[in-house]
Each structure stands twice: as C-alpha cells, then as structure tokens.
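When the letters of the sequence shown are read in order and numbered with the working numbering, they come out as residues 949 to 1155.
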Amino acid sequence: MIWLSEKIEFPPYELATDDGLLALGGDLSAERLVYAYQHGIFPWFNEGEPIVWYSPWERMVLFPEEVKISKSMKQVLRKGGFTITENKAFGDVIFNCRHINRFDQLGTWITDEMEDAYINLHDKGYAKSIEVWMDDKLVAGLYGVDLGNGVFCGESMFSKVNNMSKVAFIHLAQKGGYKLIDCQVYNDHLASLGAREIPREEFLKWL
949 MIWLSEKIEF PPYELATDDG LLALGGDLSA ERLVYAYQHG IFPWFNEGEP
999 IVWYSPWERM VLFPEEVKIS KSMKQVLRKG GFTITENKAF GDVIFNCRHI
1049 NRFDQLGTWI TDEMEDAYIN LHDKGYAKSI EVWMDDKLVA GLYGVDLGNG
1099 VFCGESMFSK VNNMSKVAFI HLAQKGGYKL IDCQVYNDHL ASLGAREIPR
1149 EEFLKWL
C-alpha cells in the first residue's frame, strides 16, 4: 500500500485495490482535498485509523435528468410544509450527518478531523449544503464538494423527518444546475432515486 508524502499527489488509479483503496496517509488540507476531488479521489476512514483515500472502479452517480420521484414523493413535494435553503447552516448539517442514528451502520466515518476539514472547505467556497426546515427547525440536509466544474460530489445526508432527505436530494438534482452528482459508492437508497454505477474512466471524463 502506498503512503502519501507531504507532496500533494496520488498514485495512478490502476494501483487501487478491488474495493477502490488507493493510498494512505497525507492530510485533509483544503489543497489536498480539492486536488483529490478534481481527480475523482475521496477520503473515507474511521476514528483512530490513518486517512484512507479511495478511487472506486465503479462510481455511483446521478445524472440529474434521471432522478426518480415516486408517486408518494410527488405527494410530499406537493403538500409542502417545508422550506429549502442552501449554505445557510453548513456546520449544523455536517454535525447532524455525523451524529444522527443510522440503524444500518456502526458508528460514523465523520471524525473530528473530517468535520473540521469540510467546514474549512466550505469557508473557502468549495463545499455546499442543502437544508430542509420545518417550523424553523432543521429536519434534514446534505453536504458535499462543489469545485465549480458542474459536478457535485455528495458526502453525506441526514433526516429527522421521513422523506425530508429525499426532498433535499431532489432539490439538488432539479435546482442545483449540475451536470452530474457524484454519490461515490452504491447504496439502495440512492439507487431508488435514480443513481447508478458507471465505470471510473467514464466518471473521470466529467471532472
């Protein structure tokens, strides 16, 4: 396994393992994170572990025009009762993404270091959040990296009220003005909303 030096660079994609693990170490500076996302690489690790960098062979993405809205979600959107904002509460969104109970997961991969790093990215204009409010309370949201190239690199989402994270995601797809939303790796929830896997080589062409 290749350990990164202080120099901001990564090994060739071809050296990634079958599950996409590409390198270890380095740091989460804004400069390294921006460089990584520009090259289709993202960090994903647990507390107490070295920083692990991934470049999966198959990339889960959503082409915004392919977003799927079920009949029940159309009813939720028509009913309303919520307000959607952008970049109004980035810190609160990532805090909730970190601490929300996820029944299908053990713990969280958003460490102190990760939280600080993405708030720093947001402060520098490279990260974005979508918030959903009900009665002036934050009930759902998502955040990710926006490098200004038409690709939104989603990181995490949360919901305290049923379907509200879907509201945030659909808003991102329909109103974000992106040509592609990067969802990183497969999961059933995103697949139900229209996301699908494409080869890494195809994904890199969009960056």
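C-beta: ideal position from N, C-alpha, C; glycine also.
Note that this is a predicted model, so its numbers are computed, not measured.
Residues near residue i by beta carbon distance below 7 Å, same chain, minus five either side
| i | result |
| --- | --- |
| Met1082 | Gly1029, Phe1030, Val1109 |
| Ala1143 | Met1008, Val1009, Leu1010, Cys1131 |
| Val982 | Tyr1074, Leu1095 |
| Ile1129 | Val1009, Leu1010, Pro1012, Phe1100, Gly1102, Leu1120, Ala1121 |
| Trp1057 | Trp992, Phe993, Asn994 |
| Lys1114 | Met1021, Leu1141 |
| Glu1145 | Glu1006, Arg1007, Met1008, Tyr1134 |
| Glu1014 | Gly1142 |
Pairwise C-alpha distance: residue j and residue i
| i | j | result |
| --- | --- | --- |
| Phe1011 | Gln986 | 18 Å |
| Ala1116 | Gly1089 | 6 Å |
| Ile956 | Phe1043 | 28 Å |
| Glu1149 | Asp1060 | 32 Å |
| Arg1026 | Asp1084 | 19 Å |
| Val1000 | Ala964 | 12 Å |
| Asn1097 | Lys1072 | 16 Å |
| Leu1138 | Asn1111 | 13 Å |
| Ser953 | Arg980 | 11 Å |
| Gly968 | Asp1136 | 19 Å |
| Val1024 | Asn1049 | 23 Å |
| Asp966 | Asn1068 | 31 Å |
| Leu1054 | Gly996 | The pLDDT assigned to Leu1054 is 38, lower than 50, so where the model puts this residue is not dependable; a value taken from the coordinates is nonetheless given after this. Using only the alpha carbons, I get a separation of about 15 Å. |
| Leu1155 | Ile1118 | 22 Å |
| Asp1040 | Val1080 | 12 Å |
Sub-8 Å separation of residue i and residue j beta-carbons
| i | j | result |
| --- | --- | --- |
| Phe1100 | Tyr1126 | yes |
| Ser1107 | Val1093 | no |
| Ile1017 | Ile1078 | no |
| Phe1038 | Tyr1091 | yes |
| Ala978 | Phe958 | no |
| Trp913 | Leu970 | Past the boundaries of the shown model lies residue 913; the chain is included only from 949 to 1155, so the question cannot be answered. |
N-terminal and C-terminal residue of the alpha helix (DSSP H) that residue i is part of
| i | result |
| --- | --- |
| Phe1106 | Not the alpha helix (DSSP H): Phe1106 falls in the beta strand (DSSP E), residues 1099–1107. |
| Gly1039 | 1038–1047 |
| Trp1001 | No alpha helix (DSSP H) holds Trp1001; the beta strand (DSSP E) holding it covers 1000–1002. |
8 Å Cβ shell around residue i - same chain, five flanking residues per side excluded
| i | result |
| --- | --- |
| Asn1035 | His1070, Lys1076, Ser1077 |
| Phe1051 | The pLDDT assigned to Phe1051 is 49, lower than 50, so where the model puts this residue is not dependable, and the model offers no usable value. |
Neighbourhood of residue i by C-beta, 6 Å cutoff - its chain only, sequence neighbours within 5 removed
| i | result |
| --- | --- |
| Met1105 | Leu1090, Ser1113 |
| Tyr961 | Ser1003 |
| Met1062 | none |
Any non-hydrogen atom of the ligand ZN closer than 7 Å to residue i Cβ
| i | result |
| --- | --- |
| Gln1132 | Summarising the ligand content, the structure contains no ligands, and the ligand ZN is consequently not present. |
Residue span of the beta strand (DSSP E) that contains residue i, given as start and end
| i | result |
| --- | --- |
| Ala1065 | No beta strand (DSSP E) contains Ala1065, which is instead part of the alpha helix (DSSP H) from 1060–1071. |
| Ser1077 | 1075–1082 |
| Ala971 | 969–973 |
| Tyr1091 | 1085–1094 |
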